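Counting in my numbering, the sequence shown runs from 754 upward without gaps. Every residue gets a Cβ at the ideal spot worked out from N, C-alpha and C, and that includes glycine. Predicted, not measured: the structure shown is a model, and the values here were computed from it. Here is the structure we will look at, set down as structure tokens.
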Amino acid sequence: MRDLEKYKGVIPAFYACYDQEGNISPEGVRKLTEYFIEKGVKGVYVNGSSGECIYQSVEDRKVVLENVMQVAKGKLTVIAHVACNNTKDSQELAAHAESLGVDAVAAIPPIYFHLPEYAIAEYWNDISAAAPNTDFIIYNIPQLAGVALTQGLFAEMRKNPRVIGVKNSSMPVQDIQMFKQAAGEEYIIFNGPDEQFISGRIIGAEGAIGGTYGVMPELFLKMNELLAEGKLEEARKIQYDVDAIIYKMCAGHGNMYGIIKEILRINENLDLGGVRKPLAALIPEDIPIAKEAAHMIQQAREKYLA
754 MRDLEKYKGV
764 IPAFYACYDQ
774 EGNISPEGVR
784 KLTEYFIEKG
794 VKGVYVNGSS
804 GECIYQSVED
814 RKVVLENVMQ
824 VAKGKLTVIA
834 HVACNNTKDS
844 QELAAHAESL
854 GVDAVAAIPP
864 IYFHLPEYAI
874 AEYWNDISAA
884 APNTDFIIYN
894 IPQLAGVALT
904 QGLFAEMRKN
914 PRVIGVKNSS
924 MPVQDIQMFK
934 QAAGEEYIIF
944 NGPDEQFISG
954 RIIGAEGAIG
964 GTYGVMPELF
974 LKMNELLAEG
984 KLEEARKIQY
994 DVDAIIYKMC
1004 AGHGNMYGII
1014 KEILRINENL
1024 DLGGVRKPLA
1034 ALIPEDIPIA
1044 KEAAHMIQQA
1054 REKYLA
């Protein structure tokens, strides 16, 4: 019987942690993991988009996951994104993740070449075969990957008994409904776009994975609590304020994750470094934006969590 309960709830996407030279900071990774445990989130999604995985080496990603697992120790559900743009490296990361005892591995489809669906299915199944005792989650993010998960491809992937669901980051919330209707209760659908946290949950997502959860986890946890209590109007008010914060974080010259890390310095005294090129680093004009977003988070906490 599938254990899906461990995936239901708020799962922040883990941020890349660098030292002053721009190398992976094991200390930063461990501190961020401790932070998430203290905040009370359900789990973490490691080495995905928020972890800047596309700009990291296989060894970088191993170091990150190893340090997460040193601290998590059953206190967090750990989903490791293992996709690289070739099968061999992806399988290496999947086998490594299983050896560390993660709860699930996940993968986007291969990018750049637009492969036929049977080749995408083979890619995902080959990755899953390298972690034969670990759950597998499909990551659907067509606006970045350039290819969408279709109902036909999803049906093909459900033939793999290790597939337990979809992290759906496509923008139409209807996709969550369609995947849930097709898959039923034996599969879990995660809401991806943070701006539609409550929309995705209402239409069928049982869990949620997002890149901005980590900078304001209390607000997403509160929305999750209110949804469970059927208090939709109260949850909607928080969603609107959360969205305003997200828009502010996207208003800088630097990459949003650079802004997020600056906010974590301000609000949580966490130093996770910057972002890795070619992502745009912060410029001096971005600092007031980060400070304003940090203040907006503080205000929202006082407003909704008092």
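Close Cβ partners of residue i (< 8 Å) along its chain, the five nearest in sequence each way excluded
i            : result
residue 828  : 790
residue 980  : 951, 954, 955 and 988
residue 795  : 759, 760, 761, 762, 763, 764, 829, 830 and 960
residue 1039 : 1005, 1006, 1007, 1011, 1012 and 1015
residue 903  : 870
residue 1049 : 994, 997, 998 and 1001
residue 991  : 972, 975, 976, 979, 1053 and 1057
residue 985  : 951, 955 and 979
residue 859  : 798, 801, 832, 833, 834, 835, 836, 889, 890, 891, 892 and 920
residue 1034 : 1007, 1008, 1011, 1027 and 1028
Beta bridge counterpart(s) of residue i as assigned by DSSP
i           : result
residue 920 : 892 and 943
residue 771 : 777
residue 796 : 830
residue 929 : Paired residues: none, contrary to the question.
residue 963 : 765
residue 859 : 834 and 890
Own chain partners of residue i with C-beta closer than 6 Å, once the 5 adjacent residues on each side are dropped
i            : result
residue 771  : 778 and 1026
residue 855  : 831 and 833
residue 952  : 926
residue 1063 : Any property of residue 1063 remains undetermined from this structure, which presents the chain solely from 754 to 1059.
residue 842  : 811
residue 820  : 779, 782 and 783
residue 1003 : 1009
residue 805  : 769 and 1029
Test item: CB-CB of residue i and residue j under 7 Å
i            : j           : result
residue 847  : residue 884 : yes
residue 960  : residue 973 : no
residue 908  : residue 929 : no
residue 1029 : residue 808 : yes
residue 913  : residue 881 : yes
residue 857  : residue 888 : yes
residue 817  : residue 800 : yes
residue 826  : residue 849 : no
Contact belief for residue i with residue j at Cβ below 8 Å, rounded distance in angstroms
i            : j            : result
residue 861  : residue 890  : So it is not a contact: roughly 11 Å between Cβ atoms.
residue 1013 : residue 1047 : Contact flag wrong, Cβ pair sits at about 10 Å.
residue 946  : residue 765  : Contact doesn't hold; Cβ gap of about 14 Å is too wide.
residue 962  : residue 1001 : Not confirmed; about 22 Å, so no contact.
residue 736  : residue 768  : Limits of the chain in this structure are 754 at one end and 1059 at the other, which puts residue 736 out of reach.
residue 876  : residue 840  : 6 Å
residue 724  : residue 905  : Nothing can be reported for residue 724, as the shown portion of the chain is limited to 754 through 1059.
residue 737  : residue 939  : The shown model of the chain, from 754 to 1059, leaves out residue 737, and the question about it has no answer.
residue 931  : residue 896  : Contact flag wrong, Cβ pair sits at about 17 Å.
residue 915  : residue 936  : With 8 Å as the limit, residue 915 and residue 936 do not qualify as a contact, their Cβ atoms being about 14 Å apart.
Same chain, Cβ closer than 7 Å to residue i, five either side skipped, listed in chain order
i            : result
residue 977  : 762 and 763
residue 823  : 783
residue 1036 : 1006 and 1007
residue 1023 : 784, 785, 788 and 1017
residue 845  : 811
residue 755  : 917 and 939
residue 948  : 996 and 999
Residue-chain proximity (residue i, chain D), Cβ-Cβ < 7 Å
i           : result
residue 941 : Reference to chain D is not applicable here, since this structure consists of a single protein chain.
When the Cβ atoms of the region 863-883 are set against those of the region 836-851, are three or more pairs found closer than 8 Å?
yes
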